[in-house]
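Trainee: Quick note on numbering: the numbering used here labels position 415 of the sequence shown as 429, and the sequence is numbered without any gaps. Just so it is clear, CB atoms sit at the ideal spot from N, CA and C, and this is done for glycine as well. Dropping a structure here in structure tokens format, bear with me for questions.
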Amino acid sequence: MNDVERTLGTNRVRFPLYEFLVLFLPVAILALIVGFSFVSMRTDARIESIMDSDGSRLQQISGFIGAQLSGSLNHLVAITEEQVTKQALDSNGGAAWQPLRASFLTLARRNPSYAQVRWIDETGFERVRISQRDGTPEVVPEQMLQDKSRRYYVAATRDLLRGEIYISPIDLNVEHGRIERPFQPVLRVATPVFDSHRKSRGVIVLNVAMRHMFDAIEGLGKLDPGSRYFLVNHEGQVLNLPDDEPSQATELSGEFDFRTANPHVWARVRQARTGSLEAQSGLWTWAKLAPADMFSSMRQVLPGEGARVDRLVSDGFELTLLAHRPMSFLVDLRRDSRMLASLGIMLGVAVYGLSVFLYLNGHVRARRAELHTGLAIARAEHIERIRDLEERSKRLFEVSNIGQMVVNDQGLIELANSSVEKLLGYRPGELNGVAVDSLLPESLREHHQKLRGDYFKSPEARLMGEGRRLQALTAAGEGIPVEVGLNPYTDNGRVLVLVSIVDLSGRVERGGAHSDH
């Protein structure tokens, strides 16, 4: 049967690992490459979307600041052209200045963002001043007015011509030579004024409080806790620092040096009006705001709405709004995107691999089933042939006219044909299990046992007791002359002997008859 199994090859039907790798690896590698490339593209697209969103928010703030600035310019031009202003400029004080105070007070009430509305005369001394105190505008008494002749915006505005406007940088308000606390960031819009004789009478200044603008910028950060917004001037100083960051604010200016803290980012910011950058410190998006450009843009959008301004002077001053997202935000964003995508990709690859495995394993199982079916058929055919051979051998054994029996190494008869049974006078099957020694005369049995043991140690085909007369005992105990042939063979690992017994009685009788003659 082992030969049949080897012929059918059941031992060689194994899982086709090579075919599995050929089908799985190329597709898996391609899926990983395409999948992670897609993830990278989607992550970059998401970052681009975030930067666009930040840019849109910056544009909203810049539009807000631009509208505020444009409104301040309109108010400044309008107030200089009012009749009460012209009358005050032509007078030397007293009751003539009272209408101007009332006009300034009305302007401050209608515009709470104006921290101060002032007329500073040609000597640099404040003549009329309205200040916001706890959200309520009030006229500053004459004894509280200050000398502002050394302030840079006064000197810069006095040098301008009629119709020209000066826009100061955003800095902290100074009172009596010291920075006001809590910090009050302001932007000053000023224009020179003249009396009816074209004689200089100083400047009118609007102090635009930037705190509410900073609050608007801070509000953006609250809407998106993952980002922070900075308003930086042209010198690289952060203007919208909260009051609780004294470590980042100098006593002189209260400003934080962004240029020194982020030199690489600042260099890129200086090169473009708008843009975005991914640096080691995180993701930056920016938009520049130049007062002159903002006013020009407003004039283009609303050509008939703005006041007539001959020239804006800002000393090259510009603001930059920056949105910053820390590197941890980008790391978390990429990690989350890659984690979800990786799980999806790996799941897809695993499902594909399992499908290929099941497909090939199904083929293996089908092949094994075919081989096992073939083996079962071959076994059945083999058994049938053996049975047929056994049956044919048994028939030949039974029909033989020579007495035959099969003896094992214990000396027991396992099988006897009908010829030997008739010869010895036994009924059918009666010899099975009988000791072969019992068929010999009793005097020879013990010696025969020894001879039989020696024979099985080295069995060979030969005649038994050659040259001697042998006798076999019948069932009746009579002895008959016989010739015995021994033919050893192996069956299932056992040594058996086919014993052939030929009756010599006829020969003996004929021999006796010849001797009588």
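Label Ala129 either buried or exposed according to how many other C-beta atoms from any shown protein chain fall within 10 Å of its C-beta, with 16 as the threshold for buried.
Mentor: When all chains shown are included, Ala129 counts as buried.
Trainee: Helix, strand or coil for Ala486, going by three-state DSSP, please let me know.
Mentor: Ala486 falls in the strand class under three-state DSSP.
Trainee: Whole angstroms is fine: what's the gap from Met312's alpha carbon to Leu83's?
Mentor: Model confidence at Met312 stands at a pLDDT of 48, short of 50, so the residue's coordinates are unreliable; what they give is reported in the following sentence. Taking the straight line from one Cα to the other gives about 10 Å.
Trainee: Just list the beta strand (DSSP E) runs in the stretch 115-163, keeping only unbroken ones of 3 residues or longer that don't cross its boundaries, in chain order.
Mentor: With a minimum length of 3 residues, the continuous beta strand (DSSP E) runs that stay inside the stretch 115-163 are 128-134, 140-147 and 150-153.
Trainee: Answer yes or no: the CB of Val203 versus the heavy atoms of the ligand ADP, is any distance below 7 Å?
Mentor: As far as ligands go, the structure on display features none, and thus does not contain the ligand ADP.
Trainee: On the DSSP bridge assignment, give the partners of Gln251 in chain order.
Mentor: BP columns for Gln251 point to Asp271.
Trainee: Between His462, Gln463, Ala102 and Ala394, which has its C-alpha nearest Phe208's C-alpha?
Mentor: Ranking the options by Cα distance to Phe208, first place goes to Ala102.
Trainee: Determine whether the beta carbon atoms of Tyr167 and Ala223 lie at a separation below 8 Å.
Mentor: Contact flag unset, no.
Trainee: Who are the Cβ neighbours of Pro534 in its own chain at under 7 Å, not counting the five residues just before and after it?
Mentor: In the structure displayed, the chain extends from 15 to 531; residue 534 sits before or after that span and is not available.
Trainee: Ends of the alpha helix (DSSP H) at Asp238?
Mentor: Neither: Asp238 is in no alpha helix (DSSP H) and is coded neither H nor E.
Trainee: Please return the same chain residues whose Cβ sits closer than 7 Å to the Cβ of Leu266, not counting the five positions on each side in sequence.
Mentor: Here Leu266 scores only 35 on pLDDT, less than 50, and its place in the model should not be relied on; the value that follows carries that caveat. So no residue of the chain qualifies.
Trainee: Can you say whether Ala293 is buried or exposed, counting buried as having 16 or more other CB atoms within 10 angstroms of its CB?
Mentor: With fewer than 16 Cβ atoms within 10 Å of its Cβ, Ala293 is classed as exposed.
Trainee: Can you give me the Cβ contacts of Glu474 inside the same chain, cut-off strictly under 6 Å, excluding the 5 residues immediately before and after it?
Mentor: Within the same chain, Glu474 has no close Cβ partners at all.
Trainee: Between His396 and Val498, what straight-line distance do the alpha-carbon atoms span, to the nearest angstrom?
Mentor: Each residue's Cα considered, the two are about 35 Å apart.
Trainee: Given that a residue counts as buried once 16 or more other Cβ atoms are within 10 Å of its Cβ, and exposed if not, what is Ser5?
Mentor: Since the first residue shown for the chain is 15 and the last is 531, residue 5 is missing from the structure and cannot be characterised.
Trainee: Under the rule that 16 or more other beta-carbon atoms within 10 Å means buried, what is Val219, buried or exposed?
Mentor: Answer is buried; the Cβ neighbour count reaches 16.
Trainee: Does the Cβ-Cβ distance between Phe29 and Leu374 come in under 8 Å?
Mentor: Yes, the pair counts as a contact, with Cβ atoms nearer than the cut-off.
Trainee: If we call anything under 8 Å between Cβ atoms a contact, is Val434 one with Gln424?
Mentor: Contact: no.
Trainee: So what's Phe343 in DSSP terms, helix, strand or just coil?
Mentor: It is helical.
Trainee: Inspect the CB distances between the stretch 444-461 and the stretch 480-494 and report whether three or more fall short of 8 Å.
Mentor: Yes: the two stretches touch, three or more of their Cβ pairs being nearer than 8 Å.
Trainee: Start and end of the beta strand (DSSP E) containing Gly417?
Mentor: Per DSSP, Gly417 belongs to the beta strand (DSSP E) from Gly417 to Val421.
Trainee: To which residues of the same chain is His226 closer than 7 Å at the C-beta, ignoring the five residues directly before and after it?
Mentor: Closer than 7 Å at Cβ, skipping near neighbours: Ser127.
Trainee: Would you check if the distance between the CB atom of Phe228 and the CB atom of Val252 is smaller than 8 Å?
Mentor: No. Outside cutoff.
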